[in-house]
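Enquirer: Just dropping this structure here.
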Amino acid sequence: EVKKANPTATDIKVNNDGSVVVTFADGSVAVIASENAVKEATKESAANQSAKKAGAKELPNTGTEQSSASLALALLAAATGGLLFAKKREEEE
Numbered sequence: 078e079v080k081k082a083n084p085t086a087t088d089i090k091v092n093n094d095g096s097v098v099v100t101f102a103d104g105s106v107a108v109i110a111s112e113n114a115v116k117e118a119t120k121e122s123a124a125n126q127s128a129k130k131a132g133a134k135e136l137p138n139t140g141t142e143q144s145s146a147s148l149a150l151a152l153l154a155a156a157t158g159g160l161l162f163a164k165k166r167e168e169e170e
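In structure tokens, the structure reads:
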């Protein structure tokens, strides 16, 4: 909000006590007291934030389903590997 109110500010720093130091391009500095910079949350503002979150678009659920083709290929590879191993063992005996 401070950046919106001061679009020409080059640096904005919030101190631990809640005060804000705004530096402008010409080198001038403005200090905003914490009483003016920090606003106490109300039940209405919390309700507005929850409404925004509830109305957010849900991301698509991608990459969670296994295709039947990949499963079939994995089974085929396992069966082929088992057959080759069994054939090699027979040749050694």
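Position 8 (the sequence shown) corresponds to 85 in the numbering used here; numbering is contiguous. Using N, Cα and C, we set each Cβ at its ideal position, and we do this for glycine too.
Beta carbon of Thr85, beta carbon of Ala102: below 8 Å?
Expert: It is a contact, given that the beta carbons lie within the stated cut-off.
Enquirer: How would you write the range of the beta strand (DSSP E) that Ala107 sits in, first residue to last?
Expert: Note, Ala107: beta strand (DSSP E), 106 to 109.
Enquirer: Taking 7 Å as the limit between beta carbons, can you name the residues of its chain near Ala156, skipping five residues before and five after?
Expert: If we look at Ala156 and ignore the five residues flanking it on each side, it has no Cβ neighbours.
Enquirer: What are the boundary residues of the alpha helix (DSSP H) that Lys80 is part of?
Expert: Lys80 -> alpha helix (DSSP H) spans 79 to 82.
Enquirer: Secondary structure at Ala146, three-state DSSP: helix, strand or coil?
Expert: Ala146 falls in the helix class under three-state DSSP.
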